[in-house]
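Structure first, then comments.
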Amino acid sequence: MKIFDSHTHLNDDMLYKDVTSYFNHAQKLGVKKIANVGSNQKLNERSIELAEQHPDMYAIIGWHPEDSIYFKEDQEQWLIDQLTNPKVIAIGEIGLDYYQTNAPRSIQKAVFKRQLEIAKEYHLPVSIHNRDAFEDTYEILKRSWRK
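According to our numbering, the sequence shown is numbered sequentially starting from 9.
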């Protein structure tokens, strides 16, 4: 059986320094390919960097609900510019988080909707983060896919 780990964070500060050994260990256990998921500018850039360095790694990039307050015009344009990279396979980790976050719900919703629009425009899948926000997440997804 071939295993594709579709949601890793080898771009995280604690793992990033020793990515190759973690990836080699995963491969020994049967993992063939990995997608590193970004959540902010720094981690998105690392996801792409790792994907470009390792043939069996891919990048999923986007702004996590906790970091949605930092998603401005420059970040949106940067995100769009990266979508032509064949190593970028999805937009994520996007969504809503109502548990413990400083990002206002209104900003989270607006950023989530915008990233869904971008994903739809570029025909890319999304990686959804949903914590204590099921109803709103569901409604936004339902409305986004109707258009």
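Beta carbons: idealized from backbone N, C-alpha and C, even for Gly.
Query	Result
Entirely enclosed beta strand (DSSP E) segments - the stretch 29-99, minimum 3 residues	39-45 and 65-69
Y130 and L91 closer than 8 Å at C-beta	yes
Residues bridged to R139 (per DSSP)	D105
Own chain, CB closer than 6 Å to L51, minus 5 neighbours either side, in chain order	N19
Member of S152, N138, P73 and W153 whose CA lies at the smallest distance from the CA of V119	P73
Limits of the beta strand (DSSP E) - the one that D26 falls within	Taken as a continuous stretch (DSSP letters only), D26 belongs to no beta strand (DSSP E), as it is neither H nor E.
Unbroken beta strand (DSSP E) run spanning H131, endpoints	First-last for H131: undefined, no H or E at that position.
For Q123, the nearest candidate out of E147, L87 and Y106 (CA to CA)	L87
Expected contact under 8 Å - CB spacing of I77 and I115 to nearest Å	6 Å
One or two residues paired with D13 in a DSSP bridge	I42
Burial state of I11 (16 or more Cβ within 10 Å)	exposed
Length of the line joining the Cα atoms of K95 and P133	13 Å
Same chain, Cβ closer than 6 Å to S217, five either side skipped, listed in chain order	The question about residue 217 has no answer, for the chain in this structure spans 9 to 155.
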